[in-house]
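Here's the structure, in C-alpha cells; my notes come after.
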Amino acid sequence: MESKKKTQRINLWNLQSLMEEQLKNLPLRAKEKQTENKRFFAKLKKRPPRNLDYIMQELHQAEFKKTNCLDCANCCKTTGPLFTNTDIVRIAKSLKQKPQKFIDTYLRIDEDNDFVLKQVPCAFLGEDNYCSIYAVRPKACQEFPHTDRKKFQQITNLTLKNVAICPAAYNIVEDMKRRIKM
Ligand code: SF4
Ligand code: SF4
90 MESKKKTQRI NLWNLQSLME EQLKNLPLRA KEKQTENKRF FAKLKKRPPR
140 NLDYIMQELH QAEFKKTNCL DCANCCKTTG PLFTNTDIVR IAKSLKQKPQ
190 KFIDTYLRID EDNDFVLKQV PCAFLGEDNY CSIYAVRPKA CQEFPHTDRK
240 KFQQITNLTL KNVAICPAAY NIVEDMKRRI KM
C-alpha cells in the first residue's frame with residue numbers, strides 16, 4: 090500500500106514538473122507560431138466554416154479531457170480576470186462583505202476602466218491551485234480561454250494573446266489549423 094502511494098506521489102510530481110516545463114516554454118512557442126496563427130485567423134475571419142461553433146465545441150472538449158486546470162492555474166497566476174459589477178456583488182455577498190469593501194481590498198481600475206485584480210497571482214488561488222471562490226468566480230474565469238464560445242472568429246485577437254498564457258488554448262489553435270483547411 091505504502092509503495093502504491095509513493096508511486097502515485099511520483100506520478101503527480103512528474104505531471105507537475107511536466108506542466109511547469111510546458112508553461113516555461115509556452116511564451117516562446119506561441120511567439121514562434123504568431124505569424125502562422127495571424128495568417129490562419131485572418132482567413133478564418135473572412136471565411137469561417139459554417140460549422141465553426143460545432144468544431145470549437147469538439148476541440149475544446151477534447152483538449153480539456155487531456156488538460157487539467159488544477160495542474161496549471163497559469164491564467165490565475167499571470168493575468169487574472171476582469172470583474173463586472175455583477176461579479177463584484179455576487180462574490181462580495183459570498184464573502185459576507187460590502188461590494189465597496191471587496192473592491193478596496195482586491196481590485197483596481199485598469200487603463201480600459203475595468204475592475205481587475207490588484208495583483209497576481211490571484212488572492213483567491215490556493216497553493217493547491219484550487220480557487221477559494223470557485224462557485225461564484227468571475228464570469229471571465231468561467232469562460233477562459235473562450236475556445237468554446239460561439240462565433241470564435243470574433244475573438245481571434247484575444248486568442249493570439251491567450252495561446253501564450255494557456256497551454257490548452259495553444260493546443261486547441263494547433264488542432265484548429267490541422268482540422269480546418271483554409
Ligand atoms: S484555462 Fe488554461 S491557463 Fe487557465 S488553468 Fe486551464 S489550462 Fe491553465
Ligand atoms: S477568481 Fe479563482 S478562477 Fe478566477 S483568477 Fe482568481 S483563483 Fe483563478
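In our numbering, each number is its position in the sequence shown, counted from 1, plus 89. Even glycine gets a Cβ: it sits at the ideal position worked out from N, Cα and C.
Starting from residue i, trace the alpha helix (DSSP H) both ways and give me its first and last residue.
i: ASP144; result: Reading off the sequence shown, one finds Ile at residue 144, where the question assumed Asp. Looking at the DSSP string, the run of the alpha helix (DSSP H) that includes ILE144 is 141 to 155.
i: PHE191; result: 188 to 195
i: LEU184; result: Careful: LEU184 lies outside any alpha helix (DSSP H) and carries neither H nor E.
i: LEU247; result: 245 to 251
i: CYS262; result: The residue you asked about is not Cys; residue 262 is Val in the sequence shown. Start and end: 256 to 268.
i: ALA229; result: 228 to 232
i: THR236; result: No alpha helix (DSSP H) contains THR236, which DSSP labels as neither H nor E.
Work out the CA separation of residue j and residue i for me, nearest whole Å.
i: ALA212; j: PRO188; result: 16 Å
i: ARG179; j: ILE198; result: 19 Å
i: LEU196; j: LYS270; result: 43 Å
i: GLN123; j: GLN186; result: 43 Å
i: GLU109; j: CYS161; result: 8 Å
i: LYS120; j: ALA131; result: 17 Å
i: HIS149; j: ASN140; result: 14 Å
i: ASN202; j: LYS250; result: 20 Å
What first and last residue would you give for the beta strand (DSSP E) that runs through residue i?
i: VAL205; result: 204 to 206
Would you identify the three-state DSSP class for residue i, choosing helix, strand or coil?
i: ILE222; result: coil
i: PHE213; result: coil
Notebook entry, point to check: When a residue counts only if its C-beta is closer than 7 Å to some heavy atom of ligand 1, which residues count, in chain order?
Noted result: THR156, CYS158, CYS161, ALA162, ASN163, CYS164, CYS165, PHE233, PRO234, ILE254, CYS255, PRO256, ALA257 and ALA258
Checklist line | Touching by the beta-carbon criterion (3+ pairs, under 8 Å), the segment 241 to 259 and the segment 139 to 157 | finding: yes
Next item on the list: Kindly confirm or deny that the segment 170 to 179 and the segment 247 to 266 touch, where touching means at least three C-beta pairs closer than 8 Å.
Entry: no
Note to self: When you compare the segment 122 to 134 with the segment 229 to 239, are there three or more beta-carbon pairs, one atom per stretch, that lie closer than 8 Å?
What the structure shows: no
Checklist line | Cβ contact check for the segment 161 to 174 and the segment 220 to 230: 3 or more pairs under 8 Å | finding: yes
Check: Of all residues in the structure, which have a C-beta closer than 6 Å to any heavy atom of ligand 2, taken in chain order?
Finding: CYS165, GLY169, PRO170, CYS211, PHE213, LEU214, CYS220, ILE222, ARG226, PRO227 and CYS230
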